[in-house]
Structure formats: structure tokens, C-alpha cells
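Below you'll find the structure, written out as C-alpha cells, and then a few comments.
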Amino acid sequence: MPFSRNLPSLGQSGTRSVVIVILNWNSADDTLAAVESVLKMNYPNYHLVIIDNGSTDDSVERLAKIEDGRVQFIRSPENLGFTGGCNLGFDWALEHGADYVWLLNSDAVTEVGTLSSLVGLAETDPTIGLASPVIASLQQPSKMIYAGGFYNAALPICDMTRDIEVGKKWVLEHPNELLLLGTALLVRVELIRRIGKLDEGFFAYWEDIDYSMRSNYAGFRNVVDFASTVSHREKLPTDRPQDIQPHFWYYLARNEIRFWKKYANFKMRLRPIWWSYLFQLKNMNAVNENEASRQAILSGMWDGWLNKTGPYRANGRMPQLVAQPITMHSRMAQS
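Using the numbering used here, the letters of the sequence shown correspond one by one to residues 1 to 335.
Okay, here's the thing in C-alpha cells:
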């Protein structure tokens, strides 16, 4: 049942109120595992908002059966993307007077003390707008996926690391240029009031890097909490990239280009967009004979160059006159 009043800013234990947002899209098994991990946490002052993002399977039926006073279920009749779905959670948190929002991916699980550690770190400095734990692989718990990232405006370049020691070094060297992932992102509500919600033009992927940039530009700090961990199912291509859904490739290709067009002038963006192009050639070769994925990469590049937004369209195509030489280039690069 929705709350009819604001959440208390400070609970009986003196903790800040947190709205945890888990976005579900046709993935009830993963979401239920994430919810189970949240309900075991030791943080005493939170409310969990599960948002179904236009699922077409049995997710709504299964998730609506959760009976816990800390859980609120919201259904969107359409898929609003990661950005639009999470923004519904931001709206709920703003409406109910929360102090923080914690975006937790549906295919991630948290440790018992992760949120306590994140909020404890954020409370040490009111200028901390975003905080993230380190992220481990759900499939291989000893393997790190993310330990920090930064933006170098002089090159320009975005870089990420899986190495905790490198991440700690970057915190010291780039304190005002840190980039955080949205996998388990703690957001100060005051930051939302200052810079707004996630950019829905990205729909999915790169929106977290964009939000990190906007936080930095607004004078807030982004921090990595090396004392806390969340485990996340890896989606990046490893053993069988050809099995990854085409929409993943489309958003990666499109939104990286859109990001550089947003944050770098024409001259400065040429280098990273060229690097992005070469990276997409490798992805085209990685998906091998999966024609749908190859077309998704080409379509993503084309839509990125045109600065298009919105959801992936399976019938989207790069014009053949442009696609043909790129396809030939990818095959030459492979040989």
C-alpha cells in the first residue's frame, strides 16, 4: 500500500530514509532474487519500490504477490527504458520526501551491509551527490566488474577499471571527474532537485555516465565506496557474445556517440567517436553470424550520428550505401 505521508528523514536509529528502486522487465526470477537480498539488509530505514517496466511475461502476476510492508509495486503499461522507469522511482521518492534513492539493478544482489556503508559514506559530506559500491560478477564472485571510472576532458576519454587499487588511485587523481555505474547507484535526493532526473533520450546504457557528468558539473562529488560490494550478472561479451540480445548492442553503439556529441565540441569529439567506431567493428565481428545483432550495431551507429533517441527498433537499418563499406571494413579488421 502506498504511503500517505512523507517518509521520516531520520528513523529511530538516526538513519536517513532511502527509497530503493528495482526496475523489472520480463525478468521476475532475477528481480525476486534482488528483492530477497534487499529484505535481508541491516539498513533500518528504507522502502523498496519495484517498478514493472511494461513486461509481457508473467512478471506482474509474480511480483504483485510480494507481501511485505516495506515493498511498493508500481506497474508501467509500457517499457519506458531504464531511464524512464527509474525516473518513476525518482518521482516516488520526491513525492514521499526521501533523503536518498538507491537504484539497484534487477540482476544484482546486495550484501547485508552495503546500503548502510553507502549511506554512511554519503553522510560524511553533503556535497556527495552519487555513491557506488564496487561491483563483482554474480557468475564469478571473486571477479571484479567495476572499481571506478573517470572522465578526462583534455583527451577526451572515459575510462573504467576493475582493479580496486587503480580505482583508489583515480579517486585521488580525479576527485571531480569520477564516473559511476547505475548498477547500484546511491543518489542524494537534493541532487535530483538540482539537476533533474535521468536523461530519457538515452533510454538505456550510458545514462549513468551522463548523470555522473551532470553531477560533477553541478558541483557535487561522486564517490566509490570500496568498503561495500554488490554482485551483478555480467552482460558484456565474454564467451558467447552472439547470444546477447540485439537491443544491447544497439544502445551501446548509439548512446556512446550521443554522449560524446553532448559533452565534446565537434573537433574534440572526433577522436572518441573514431575509437567508438573501431570498437563497434570489433563487436560486429564478435557477434559473428548473428545478423540481427550486426544490423543493430550498424543501426545504433547511424542513429547515434543522427542523435536519435527512443527505444530500439528491430527493423531499424543503416542506409545500405553507408553500411556496406563499414561491413567490409569490419571484415578486413578481422582478417
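For each residue, glycine too, the CB sits at the ideal point set by N, CA and C.
On the three-pair Cβ rule with 8 Å, is the region 242 to 257 touching the region 291 to 309? The region 242 to 257 vs the region 291 to 309: in contact.
Have a look at the DSSP bridge pairing and note the partners of Pro-133. Answer by DSSP bridge pairing, in chain order: Asp-225.
Sorted by chain position, which residues of the same chain lie with C-beta nearer than 7 Å to Ile-273's C-beta, five sequence neighbours on each side aside? So the qualifying residues of the chain are Ile-257, Trp-260.
C-alpha distance - Leu-278 paired with Gly-97, whole-angstrom precision: Looking at the two C-alpha atoms, the distance is approximately 46 Å.
Under a three-way DSSP split, which group does Phe-150 fall into? Under the three-state reduction of DSSP, Phe-150 is assigned to strand.
What does the Cβ neighbour count give for Asp-99, buried or exposed, with the cut at 16 atoms within 10 Å? When all chains shown are included, Asp-99 counts as buried.
On the three-state DSSP scale, how would you describe Gln-245? It is coil, neither helix nor strand.
Is the separation between the beta-carbon of Met-41 and that of Leu-115 shorter than 8 Å? In terms of Cβ geometry, Met-41 and Leu-115 form a close pair [threshold 8 Å].
Count the other C-beta atoms from every protein chain shown that fall within 10 angstroms of the C-beta of Met-328, then say buried if there are 16 or more, exposed otherwise. So Met-328 counts as exposed.
Spell out whether any CB of chain D is found under 8 Å from the CB atom of Ser-37. No chain D is present in this structure, which holds just one protein chain.
Which class does Arg-16 belong to by DSSP, given the choice of helix, strand or coil? Strand at Arg-16.
Roughly how many angstroms lie between the CA atoms of Pro-311 and Ala-34, to the nearest whole one? The alpha-carbon separation between Pro-311 and Ala-34 amounts to approximately 25 Å.
Could you pull the start and end residues of the beta strand (DSSP E) that His-47 belongs to? Residues 46 to 53.
Alpha carbons only, please: which of Gln-295, Arg-313, Met-318 is nearest the one belonging to Trp-336? Lying before the first or after the last residue shown, residue 336 is absent from the chain, which here runs from 1 to 335.
Roughly how many angstroms lie between the CA atoms of Ser-117 and Pro-44, to the nearest whole one? Distance between the alpha carbons of Ser-117 and Pro-44 is about 13 Å.
Here's a check: name, in chain order, each residue in its chain whose Cβ is nearer than 7 Å to the Cβ of Arg-162, leaving out the five neighbours to either side. For Arg-162, where only same-chain residues beyond five positions count, the Cβ hits under 7 Å are Met-144, Ile-145, Tyr-146, Ala-147.
Check whether the Cβ atoms of Ala-184 and Leu-104 lie closer than 8 Å to each other. In this structure, Ala-184 lies near Leu-104, with their beta-carbon atoms less than 8 Å apart.
For Asp-30, which residues in the same chain have their Cβ closer than 6 Å to its Cβ, ignoring the five residues on either side in sequence? Taken in chain order, the residues that qualify are Ser-106, Asp-107.
Leaving out five residues before and five after Tyr-205 in sequence, what residues of the same chain have Cβ atoms less than 6 Å from its Cβ? Excluding its 5 nearest sequence neighbours in each direction, Tyr-205 has C-beta neighbours in its own chain below 6 Å: Tyr-251, Leu-252, Asn-255, listed in chain order.
With DSSP collapsed to three states, give me the class of Gln-334. Three-state result, Gln-334: helix.
In angstroms, rounded to a whole number, what distance separates the CA positions of Gly-81 and Gly-54? Approximately 9 Å between the Cα atoms of the pair.
With H, G and I counted as helix, E and B as strand and the rest as coil, what does DSSP make of Asp-139? Looking at the sequence shown, residue 139 is not Asp but Gln. In this structure, Gln-139 counts as coil in the three-state DSSP scheme.
Gln-334: buried (16+ other C-beta within 10 angstroms of its C-beta) or exposed? The residue is exposed, with fewer than 16 neighbouring Cβ atoms inside 10 Å.
Within its chain, find whatever has a CB closer than 6 Å to the CB of Val-322; leave out the 5 residues flanking it on each side and keep chain order. Hits under 6 Å: none found.
Excluding five sequence neighbours on each side, which residues of the same chain lie with their C-beta closer than 6 Å to the C-beta of Arg-221? Excluding sequence neighbours, Arg-221 sits near Thr-127, Ile-128.
Assign Arg-331 to buried or exposed, taking buried as 16 or more other Cβ atoms, counted over all protein chains shown, within 10 Å of its Cβ. Its Cβ having fewer than 16 others within 10 Å, Arg-331 is exposed.
Report the rounded CA-to-CA distance for Leu-23 versus Asn-265, giving the unit in angstroms. Those two C-alpha atoms are separated by around 34 Å.
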